[in-house]
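Residue numbers (this note's numbering), protein chains in the order written: chain Z, 16 to 307; chain Y, 5 to 517.
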Amino acid sequence: MTIQAALMPDGRRLHLQHGPIDLVIEAWGAPDEIMAAYRQAMVAFQTVLPGLVTELALLRRPLPATGSLPQAEDAIARNMVAACAPYRQDFITPMVAVAGAVADHVLAALRRHRVLTKAYVNNGGDIACWIGTGTQLDCGLVTDLLSPRVTGIFHLTPEMQIGGIATSGAPSKGSGGRSFSLGIADAVTVLATDAATADAAATVIANAVDLPSHPAIGRVPADSIDPDSDLGDRLITLSVPVLRASEVAAALERGRARAEALCASGMIAAAVLALQGEIRLCGSLLQRHLAA
Amino acid sequence: MTSASDLPDTRGSTDTPSEQALAAAKAKAEEIVTCDACPVLCRIRLGKTGACDRYGNIDGRLVRMSPLVVTQRVLDEKGAVVPFLGHDWDGQLVPGAETFVTGIGAGTTYPDYKPAPFIVGSEVEGVDMVTVVTEGIFSYCGVKVKIDTDRFIGPEQAAVRVNGEQVGHVTTAEYGSQMLALGGVRHLTGGSKKEGTVTCDTMLTLCNKGAVEMTIDGGTSLRVQAGKPPVIDGQEEHRMRVGCGSATIGIFAQQWRDHVDEVIVVDDHITGVLSEHQAGRFLDMKPAGIRVRGRKSTPGRYFQVANPGTGWGGTDITDPLAIIEKISPETAWPGLRLLMVSTTGEHHAYFVLDERLRPQPAPMPAAIAKVVERIGENCEPALCTVLFMGGAGGSLRAGVTENPIRLTRSVQQALTRVTCGGAPVYVWPGGGITLMVDVTEMPDNAFGYVPTPALVAPIEFTMRRSDYEVMGGHMGFVRPVAGIRQGQVQAISWRSDQPWPLDPLNGQGSSGT
Chain Z
16 MTIQAALMPD GRRLHLQHGP IDLVIEAWGA PDEIMAAYRQ AMVAFQTVLP GLVTELALLR
76 RPLPATGSLP QAEDAIARNM VAACAPYRQD FITPMVAVAG AVADHVLAAL RRHRVLTKAY
136 VNNGGDIACW IGTGTQLDCG LVTDLLSPRV TGIFHLTPEM QIGGIATSGA PSKGSGGRSF
196 SLGIADAVTV LATDAATADA AATVIANAVD LPSHPAIGRV PADSIDPDSD LGDRLITLSV
256 PVLRASEVAA ALERGRARAE ALCASGMIAA AVLALQGEIR LCGSLLQRHL AA
Chain Y
5 MTSASDLPDT RGSTDTPSEQ ALAAAKAKAE EIVTCDACPV LCRIRLGKTG ACDRYGNIDG
65 RLVRMSPLVV TQRVLDEKGA VVPFLGHDWD GQLVPGAETF VTGIGAGTTY PDYKPAPFIV
125 GSEVEGVDMV TVVTEGIFSY CGVKVKIDTD RFIGPEQAAV RVNGEQVGHV TTAEYGSQML
185 ALGGVRHLTG GSKKEGTVTC DTMLTLCNKG AVEMTIDGGT SLRVQAGKPP VIDGQEEHRM
245 RVGCGSATIG IFAQQWRDHV DEVIVVDDHI TGVLSEHQAG RFLDMKPAGI RVRGRKSTPG
305 RYFQVANPGT GWGGTDITDP LAIIEKISPE TAWPGLRLLM VSTTGEHHAY FVLDERLRPQ
365 PAPMPAAIAK VVERIGENCE PALCTVLFMG GAGGSLRAGV TENPIRLTRS VQQALTRVTC
425 GGAPVYVWPG GGITLMVDVT EMPDNAFGYV PTPALVAPIE FTMRRSDYEV MGGHMGFVRP
485 VAGIRQGQVQ AISWRSDQPW PLDPLNGQGS SGT
C-alpha cells in the first residue's frame, strides 16, 4: 500500500496520495459529518489508481474521430472518455481529463448521504467543488504556474452552477514531470459544471494558445521525455522565449477564439487565459464576478 | 475538531503490482527504468522523473528523489567510530547502528501541506530523547559567503548579480576575505518575480554546494562554490594572504634583515614598510628613505597606496614601483637592496638602487627567494565558504509544540539542540531561533525550494523526552526510531568530525522549570 491519508497540520484538510495522485480535500459542516465524509473519500480513493491502471492502454489511445467511442469498465475512465468526446475531431486522448475526473469521483463519494455545507477536492490544481445554498467558495486564480501568486479571486456561489475548476498550461514540475502542453500558455483556467469537463477544455484551450511556426519556441517529441506518453511523438513545449506584445496577442487570440466558442456552446462557463503577463477573459460570468 | 489519530494509518511500504504487468513493463528499452512504486509502472528515461515526480532514473537506477535521510554510526567498545560504510554500500539501513533521522526528505510538498513532521524517540545512554524532524520553509533566509581573496571584487554595498538580477550585495570585508550577503527576504519577495526566482535559485545552488557565476556592479565577475577556490574574472584564486602587509612584515622581518635593506609588502589594506615598521626598528634596521604613496597610519603602515583591484596585494598595481612616491637622497644610498612583495608572495620583485638612486631590477638572491616562497607556504588555500542563515522562529515551531515560545526558550537555554541535516548550527543570541550553518557540513542536496519563493532546509530539534513533554510537545506523535523502515529511507554515514546530535545535552535550567 503506498496510499497515504493524513490530516494536514491545520487539522482541517485531508491529504490523500497514491502514486502520482495528490488530493487536498476540505469539507464544511458538522464535525461528525466531516469525519464521515473524509472516511468515505478515503475508502473510494483506495480503488482509484488501480481502476485507472487497468484502463491505461485505452485511455492513452486517441479517440476515433467518428464511430463508436471506446467502452471503459472503470467509472472514472468512462467519465474521462465522455469529457473528451466533444473534441474527437482533433487529436485527443481521454488522459487530458484524468485529474478532473478523479476529483469529481472523490467529491461524489465524499458527499454521498452526508450533510455538508460545501466541499472541494483539489487534485493538483484541478478542482471539483460543491457549493451549498447560502454559501460561497472563494477560489484564488494563479495565472503563472512557474511563479505562483494569486492574481484574482473567483467568488463562486451556488447560482453559478460551477462544479469544476481546472488549470492547464506550462508544466509546473521542475525536474521533468509529465504535464505536457502542445501550446505556450502560462495558464488557462476553465470553470464548468464538473472538473472533468473543465480539465479537458482547459487542455484544449491551452493547446490552442500557440504560435505554431515561431522558431524560438523550444519543442521536443513527448515520447523523448516519457516513453509511454499518450502524445506519442507530437511536439510538446519545453521553453518559450520572451515574446513581442504582438506575438503574445496573436497567440492569446487563437486560444480566446476557441474558448469563446466553447462558452457559446454552453460546454464551459468561463475561461481565463494568461501568457507573459497578458490576460484574456472569456464568458459573461467572469466579467461580472472576477474581483481582481 | 478532528485529529489525525482518528484516521486509520494507511502509511506503509510499496504496493506490489502484478508480476505479469511488471515483467511486461520491464521488457523494454535498456536505459529506461520501470518504477514499481505504484501501479502506474511509469517507464522513466535516463535523468527524468516519473508521473509523480517522486521517483526518477538516475544513472539507470530507480531513485526516490527525496528519500528521508538518516545518518548512522557504530561505536566500538572504546567509543571510537567503526567505519562500516564501503564505497559500494547502497544506502540501506545498517541494523543495530545508532540512527539519527535528519530533516532531509521529511516533507517538502507545496503549497502548504506536508506530512506531519517525524517525531522520533530514541534512548541514548539510558536517557529518553526525542527528535522533531521537519523541513522548514524559510522565507526569511540568506547566504553569507566568505571569499578568501585580497583582490578587489567590488565596492562595499555594491549589487551582486546573477543573470542580471540583484541577489545580494558586497558587505564588510573580513581578514583576508571579501564577504557577500546574498538572498534575504527583500530580494526573495520584495522585487520583481524574476528577481525572486533568480535569488532563490542562487541560494539553492550555493547551499547544495553547487557553483554560481555572479557579477558585481563596479567590480569583477565571480564563480563561487562552497569549499572550492573562488574564480575572479576567470582567474582561480589559490592562496589566502598570510596576513595584511604589516602583519607580513611582522612575521618575516627577522628572516629578511640580513639579506635586504628594505622590504615593501604591497597590500590594498595596509602596506608595510620594513625599515620604518616597529619590527624593523626593533631589529635596528637603518631608515632607507623610500616613501610610499597613500596615507600613513602608524610608522611603517600605509593605507590607500593605490586603488583596489586585481593586481598586487588586492590593489590595481601591476608595476610595484608605481607606489613609490619618492626616494630621499639624504637617507637612501646607491646599492640599497629593495624587495617588493605581495601578501601572498604571488607577486614579487627585487631591485637595487643605482648611482642616481633609481631602482633597477636585479636577480633575486636565493636567501630572499626562500623567504618569499615561505610567504606562499604560510598562506592557506583560498576557499569560498557558504553559510546558510535562516530564522526558524516562525510558524515552523507549531510542528514541534503547541506553545511555540517554549521551543524558542528551550533552544536558548540549550535544553534543545538544533541541527540541520545532522550538522551543528550556530544559534544567534537574542530573540527567535536564527541560525547559521556551514553547508559543507551538511549532507549533499539537503536543500530544496518552494516557488513562493523560499528555501526549504532540513532542521531537527533534539531534547530529552521529559523536556519535550514540558514544552507542550506532540507526545502522541512520538514514534520509536526502530519504526523507521528500510525502503523509506536513505542511510548515510555519520561524519565522525561532528558531534553526534543525540548526545545528551547539558543545558542550563532543568526539566520541569
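In this text, a Cβ means the ideal position worked out from N, Cα and C, and glycines have one as well.
Assuming contact is defined by CB atoms lying nearer than 9 Å, are residue i and residue j in contact in what I supplied?
| i | j | result |
| --- | --- | --- |
| Val-39 (chain Z) | Asn-137 (chain Z) | yes |
| Val-309 (chain Y) | Thr-302 (chain Y) | no |
| Pro-31 (chain Z) | Ile-18 (chain Z) | For clarity, residue 31 (chain Z) is Leu in the given sequence; the question names Pro instead. Cβ atoms of Leu-31 (chain Z) and Ile-18 (chain Z): closer than 9 Å. |
| Ile-268 (chain Y) | Val-296 (chain Y) | yes |
| Val-136 (chain Y) | Gly-395 (chain Y) | no |
| Met-110 (chain Z) | Ala-216 (chain Z) | no |
| Val-130 (chain Z) | Glu-48 (chain Z) | yes |
| Thr-206 (chain Y) | Val-166 (chain Y) | yes |
| Ala-145 (chain Z) | Arg-126 (chain Z) | It should be noted that the sequence gives Trp, not Ala, for residue 145 (chain Z). For Trp-145 (chain Z) and Arg-126 (chain Z), yes; Cβs fall inside 9 Å. |
| Gly-298 (chain Y) | Thr-314 (chain Y) | no |
| Gly-146 (chain Y) | Gly-125 (chain Y) | no |
| Lys-290 (chain Y) | Asp-271 (chain Y) | no |
| Ala-223 (chain Z) | Ala-289 (chain Z) | no |
| Leu-64 (chain Z) | Val-44 (chain Y) | yes |
| Leu-277 (chain Z) | Val-219 (chain Z) | yes |
| Met-57 (chain Z) | Ala-20 (chain Z) | yes |
| Ile-255 (chain Y) | Asn-382 (chain Y) | yes |
On the CB-based measure, 16 or more other CB atoms within 10 Å of its CB, does residue i come out buried or exposed?
| i | result |
| --- | --- |
| Tyr-306 (chain Y) | buried |
| Phe-286 (chain Y) | exposed |
| Glu-174 (chain Z) | exposed |
| Thr-348 (chain Y) | buried |
| His-120 (chain Z) | buried |
| Pro-367 (chain Y) | exposed |
| Glu-377 (chain Y) | exposed |
| Gly-189 (chain Z) | Residue confidence for Gly-189 (chain Z) is low, a pLDDT of 36 falling below 50, so the modelled location carries little weight; the figure read from the coordinates is stated next. Classification for Gly-189 (chain Z): exposed. |
| Ser-399 (chain Y) | exposed |
| Gly-292 (chain Z) | exposed |
| Lys-133 (chain Z) | buried |
| Val-96 (chain Z) | buried |
| Gly-284 (chain Y) | buried |
| Ala-461 (chain Y) | buried |
| Ser-279 (chain Y) | buried |
| Ile-409 (chain Y) | exposed |
| Ser-181 (chain Y) | buried |
| Val-257 (chain Z) | exposed |
Closest to residue i by C-alpha separation, out of the options, would be which residue?
| i | options | result |
| --- | --- | --- |
| Ser-332 (chain Y) | Y:Gly-313, Y:Leu-357, Y:Pro-324 | Y:Leu-357 |
| Leu-50 (chain Y) | Y:Cys-56, Y:Asn-449, Y:Gly-394, Y:Arg-65 | Y:Arg-65 |
| Gly-397 (chain Y) | Y:Leu-391, Y:Gly-477, Y:Trp-432, Y:Pro-159 | Y:Trp-432 |
| Gly-298 (chain Z) | Z:Gln-291, Z:Ala-274, Z:Leu-290, Z:Gly-292 | Z:Ala-274 |
| Val-415 (chain Y) | Y:Glu-406, Y:Gly-434, Y:Ala-427 | Y:Gly-434 |
| Glu-406 (chain Y) | Y:Val-474, Y:Gly-284, Y:Val-390, Y:Gln-182 | Y:Val-474 |
| Cys-211 (chain Y) | Y:Ala-402, Y:Val-390, Y:Val-189 | Y:Val-390 |
| Ile-36 (chain Z) | Z:Glu-88, Z:Ala-114, Z:Leu-171, Z:Arg-271 | Z:Ala-114 |
| Val-345 (chain Y) | Y:Gly-339, Y:Glu-329, Y:Leu-361, Y:Leu-325 | Y:Leu-325 |
| Gly-188 (chain Y) | Y:Val-164, Y:Glu-178, Y:Ile-463 | Y:Val-164 |
| Ala-402 (chain Y) | Y:Phe-256, Y:Gly-140, Y:His-281 | Y:Gly-140 |
| His-352 (chain Y) | Y:Gly-380, Y:Glu-334, Y:Thr-201 | Y:Gly-380 |
| Pro-457 (chain Y) | Y:Gly-195, Y:Gly-60, Y:Asp-272, Y:Thr-175 | Y:Gly-195 |
| Ala-237 (chain Z) | Z:Ala-231, Z:Pro-230, Z:Asp-245 | Z:Asp-245 |
| Gly-5 (chain Z) | Z:Thr-148, Z:Gly-147, Z:Ile-294, Z:Phe-169 | Residue 5 (chain Z) cannot be examined here, being either before or after the span of chain Z that is shown, 16 to 307. |
| Gly-34 (chain Z) | Y:Arg-47, Y:Ala-55, Y:Thr-38 | Y:Ala-55 |
| Arg-421 (chain Y) | Y:Arg-362, Y:Thr-322, Y:Val-454, Y:Ile-463 | Y:Ile-463 |
| Arg-261 (chain Y) | Y:Gly-214, Y:Gly-158, Y:Asp-237, Y:Leu-340 | Y:Leu-340 |
Assuming residue i and residue j are in contact, meaning their beta carbons sit under 8 Å apart, how far apart are those beta carbons, in whole angstroms?
| i | j | result |
| --- | --- | --- |
| Val-128 (chain Y) | Pro-508 (chain Y) | 6 Å |
| Ile-91 (chain Z) | Ala-116 (chain Z) | 5 Å |
| Asp-154 (chain Y) | Gly-317 (chain Y) | 6 Å |
| Asp-201 (chain Z) | Gly-184 (chain Z) | 5 Å |
query = Name the residues in the region 224-254 of chain Z whose C-beta lies less than 8 Å from a C-beta of chain Y; which are they?
reply = Legend: CB atoms of the region 224-254 of chain Z lying less than 8 Å from CB atoms of chain Y belong to residues Ser-239, Ile-240, Asp-241, Pro-242, Asp-243.
task = Please list the residues of the region 33-47 of chain Y that have a C-beta atom closer than 8 Å to any C-beta atom in chain Z, keeping them in chain order.
result = The region 33-47 of chain Y vs chain Z, Cβ under 8 Å: Ala-33, Ile-36, Ala-41, Cys-42, Pro-43, Val-44, Leu-45, Cys-46, Arg-47.
message = If the cut-off is 9 Å on Cβ atoms, which residues from the region 54-68 of chain Z count as contacting chain Y, listed in chain order?
response = Answer in chain order: Arg-54, Met-57, Gln-61, Leu-64, Pro-65, Leu-67, Val-68.
request  = Mind checking the region 150-181 of chain Y against chain Z and listing, in chain order, the residues whose C-beta falls within less than 8 Å of any C-beta there?
outcome  = Answer set for the region 150-181 of chain Y: empty.
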